[in-house]
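*Asks:* Residue 121 in full-length UniProt numbering sits at position 121 of the sequence shown, with consecutive numbering throughout.
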Amino acid sequence: MNQFLSLNRIYAVLAKEFTQLKRERTTYAMILLLPVIQILVFGYAINNDPHHLPTAVLSKDYSSVAKSIVTAFENTKYFKIDHVVTSELELNALLKQGKVQFAITIPEDFTYNFVNRKKAQVLLEADAADPTTIASAISAANGLAQEALTQERAKLGFPPQKNDFEVIVHKLYNPENITTFNIIPGLLSVILTMTLVMQTALAVTREIERGTMESLLSTPATSVEIMIGKLSPYVLVGFAQTIVALSIARLLFNLPLPNSSGAWLAFSIGVVLFILGNLAIGYLVSTLAKSQLQAMQMSLFYMLPSMFLTGFAFPFYGMPFWAQKIGSFIPGTHFLRIIRGALLKNQQLSDMTPSLLALSIIVITVCSFAVLRSRKTLD
1 MNQFLSLNRI
11 YAVLAKEFTQ
21 LKRERTTYAM
31 ILLLPVIQIL
41 VFGYAINNDP
51 HHLPTAVLSK
61 DYSSVAKSIV
71 TAFENTKYFK
81 IDHVVTSELE
91 LNALLKQGKV
101 QFAITIPEDF
111 TYNFVNRKKA
121 QVLLEADAAD
131 PTTIASAISA
141 ANGLAQEALT
151 QERAKLGFPP
161 QKNDFEVIVH
171 KLYNPENITT
181 FNIIPGLLSV
191 ILTMTLVMQT
201 ALAVTREIER
211 GTMESLLSTP
221 ATSVEIMIGK
231 LSPYVLVGFA
241 QTIVALSIAR
251 LLFNLPLPNS
261 SGAWLAFSIG
271 VVLFILGNLA
281 IGYLVSTLAK
291 SQLQAMQMSL
301 FYMLPSMFLT
311 GFAFPFYGMP
321 FWAQKIGSFI
331 PGTHFLRIIR
341 GALLKNQQLS
351 DMTPSLLALS
361 IIVITVCSFA
371 VLRSRKTLD
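1. State the Cα-Cα distance for the pair F79 and I104, rounded to the nearest angstrom.
2. For P331, collect the residues of the same chain with a Cβ closer than 7 Å to its Cβ; drop the 5 residues on either side in sequence, then sort them by chain order.
3. When the Cα of L300 is compared with those of I31, M352, Q20, which residue comes out closest?
4. When you compare only the Cα positions, how much space is there between A201 and A240?
5. Assuming A126 contacts Q101 under a Cβ cut-off of 8 Å, what Cβ separation, rounded to an integer in Å, is found between them?
6. Rounded to whole angstroms, what is the Cα-Cα separation between N116 and I178?
7. I'd like the ranges of any alpha helix (DSSP H) spanning at least 4 consecutive residues and lying wholly in the region 123–148.
8. What does a CB cutoff of less than 8 Å around L356 pick up in its chain, not counting 5 residues either side in sequence?
9. Would you identify the three-state DSSP class for residue 382, choosing helix, strand or coil?
10. Can you grab the Cα-Cα spacing for the pair F73 / I81, in whole Å?
11. Leaving out five residues on either side along the sequence, give the residues of the same chain with a beta carbon under 6 Å from the beta carbon of T195.
12. Just grab the DSSP bridge partners of E166 for me.
13. In whole angstroms, give me the CA-to-CA distance for E225 and V204.
14. Measuring only the C-alpha atoms, how far is M298 from P185?
15. How would you label D379, buried or exposed, when you count the other beta carbons within 10 angstroms and need 16 or more for buried?
16. What residues in its chain sit with their C-beta under 6 Å from that of E17, if we drop five residues either side in the sequence?
17. Determine contact between the region 279–288 and the region 299–316, defined as no fewer than three beta-carbon pairs at a distance below 8 Å.
18. Classify F321: buried if its beta carbon has 16 or more other beta carbons within 10 angstroms, exposed otherwise.
19. Just verifying my parser: in three-state terms, what is the DSSP assignment at L284?
20. Whose C-alpha, out of I243, Q199, N254, is nearest the C-alpha of P233?
21. Would you kindly report the start and end of the unbroken alpha helix (DSSP H) that includes V13?
22. For T86, is the classification buried or exposed, using 16 other Cβ atoms within 10 angstroms of its Cβ as the cut-off for buried?
23. Quick one: using the 10 Å Cβ neighbour count with 16 as the cut-off for buried, is Q151 buried or exposed?
24. Following the continuous alpha helix (DSSP H) through K345, name the residue where it begins and the one where it ends.
25. Less than 9 Å between the beta carbons of D164 and K119, yes or no?
26. Here's a check: name, in chain order, each residue in its chain whose Cβ is nearer than 6 Å to the Cβ of D171, leaving out the five neighbours to either side.
27. With which residues is A103 paired in a DSSP beta bridge?
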């Protein structure tokens, strides 16, 4: 027994490991809290069947029949009328800027056609840049012909459930529902987040563990200068990853690219801000962690919501309000809107201003915290 296995020796090593684990309170806390937080947050937040999707209405018919159609859309629980517009220009702008997922247009002859037993039509335009978000809503809209206008039919003495109107669906920006056009922009976001946050998070903790941080801190460099010097090489890494990923996606999957200088400018600014945001988050993690192990754990803790709460893996509008608010503080949420807008919608700088502004605020805020946390002397 002594030659092969000794319970006393095993117990001694086991006791040592538990003692070490207790000393690393951050690691111990993350081991216990991480699964609890993830199950609670993602269990309540993730939903593959989003409801109450933002919708705009352009009604050229002001009759009670037309109003009943709008009510029928809302009663499906998939459409939430956020905007009532008066022109097609406004409607198209809301769709292109990503402020609504759907646009309903009721023509001026809708009631006339319905009353005269002609085929009355309603146009439903859908932002198909994210096909999974709109699939269930479109199915519900197609069923309106059998369910809507029941009272109006009764008033006119029409047979019940007569298919006397139809919903014409137009899918915009990705009409063929090509999944790769939706997935690849999200994958670029995930790739940049995983590599840049992780590598930067290890930048400071690696030097602390190797004992080279003391030499760095003895130089005249300020905390801002140290941060810039640490992050600069990874900016080039981020650019290289972006170029390689887009090149492969274009060659192998025929992913559309921006076809105007304005779209390229907006896309480029978004890429720069997203890279800087990830690097700043990674650097902030490195100032909080006391070891490379802790830095990796914190990075993983951040990466999961970056995948699940940004609209990449699951529809953003399918999440409850509080989860959407959490997602709005994650750079990947805004970057996804920017890259999908540039590649699929050819959005210009003015169309992306809200997302670019939000991303800029996040970058400035995280950089400020990172500078405040960084130390000129070792603890």
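Ideal Cβ placement from N, Cα and C applies to all residues, glycine included.
*Replies:* For this structure:
1. Taking the sequence shown and counting its residues from 1, the one referred to as residue 79 is at position 79. Taking the sequence shown and counting its residues from 1, the one referred to as residue 104 is at position 104. One C-alpha to the other measures close to 10 Å.
2. Numbered from its first residue, the sequence shown carries residue 331 at position 331. If we look at P331 and ignore the five residues flanking it on each side, its Cβ neighbours are F274, G277, N278, L359, I362.
3. For the purposes of this step, residue 300 is taken as residue 300 along the sequence shown, with counting starting at 1. Checked all of I31, M352, Q20; the closest Cα to L300 is I31.
4. Position 201 of the sequence shown, counting from 1, holds the residue named residue 201. Position 240 of the sequence shown, counting from 1, holds the residue named residue 240. Approximately 19 Å between the Cα atoms of the pair.
5. Working through the sequence shown from its first residue, we reach residue 126 at position 126. Working through the sequence shown from its first residue, we reach residue 101 at position 101. Confirmed, Cβ separation roughly 7 Å.
6. On the sequence shown, position 116 is the one that residue 116 refers to. On the sequence shown, position 178 is the one that residue 178 refers to. About 40 Å.
7. Qualifying alpha helix (DSSP H) stretches, in chain order: 131–142, 144–147.
8. Along the sequence shown, read from residue 1 onward, the residue named residue 356 stands at position 356. The residues are A266, I269, G270, L273, H334, I338, L349.
9. The structure shown has nothing for residue 382, since the chain only spans 1 to 379.
10. Looking up residue 73 in the sequence shown gives position 73. Looking up residue 81 in the sequence shown gives position 81. Rounded to the nearest angstrom, the two C-alpha atoms are 9 Å apart.
11. Walking along the sequence shown from the start, residue 195 turns up at place 195. Closer than 6 Å at the Cβ level, and outside the excluded window around T195, lies no residue.
12. Within the sequence shown, numbered from 1, the residue matching residue 166 stands at position 166. Partner(s): Q121.
13. For this step, residue 225 is matched to residue 225 along the sequence shown. For this step, residue 204 is matched to residue 204 along the sequence shown. So the two alpha carbons sit approximately 14 Å from each other.
14. On the sequence shown, position 298 is the one that residue 298 refers to. On the sequence shown, position 185 is the one that residue 185 refers to. One C-alpha to the other measures close to 25 Å.
15. Mapped onto the sequence shown, residue 379 falls at position 379. For D379, the predicted model reports a pLDDT of 48, less than 50, meaning its position is unreliable and no value from the coordinates is stated.
16. Residue 17 sits at position 17 when you count from the first residue of the sequence shown. So the list is empty, once near-sequence residues are dropped.
17. yes
18. Residue numbering aside, residue 321 sits at position 321 when the sequence shown is read from its first letter. Counting Cβ neighbours within 10 Å, F321 comes out exposed, since fewer than 16 surround it.
19. Here residue 284 corresponds to residue number 284 of the sequence shown, with the count starting at 1. Looking at L284 - three-state DSSP - the assignment turns out to be helix.
20. Sequence index remark: in the sequence shown, residue 233 carries index 233 (1-based). Comparing Cα positions, the closest option is Q199.
21. Along the sequence shown, read from residue 1 onward, the residue named residue 13 stands at position 13. That run of the alpha helix (DSSP H) goes 7–23.
22. By 1-based counting over the sequence shown, the position of residue 86 is 86. Under this definition T86 is an exposed residue.
23. Counting from 1 along the sequence shown, the entry for residue 151 is found at position 151. Result: exposed.
24. Residue numbering aside, residue 345 sits at position 345 when the sequence shown is read from its first letter. Here K345 belongs to no alpha helix (DSSP H), and DSSP marks it neither H nor E.
25. One-based indexing of the sequence shown puts residue 164 at position 164. One-based indexing of the sequence shown puts residue 119 at position 119. Cβ distance < 9 Å, so D164 and K119 count as in contact.
26. Along the sequence shown, read from residue 1 onward, the residue named residue 171 stands at position 171. Before going on, a small fix: residue 171 reads as Lys here, not Asp. Excluding sequence neighbours, K171 sits near A126, A128.
27. Working through the sequence shown from its first residue, we reach residue 103 at position 103. In DSSP, A103 forms a bridge with A56, E125.
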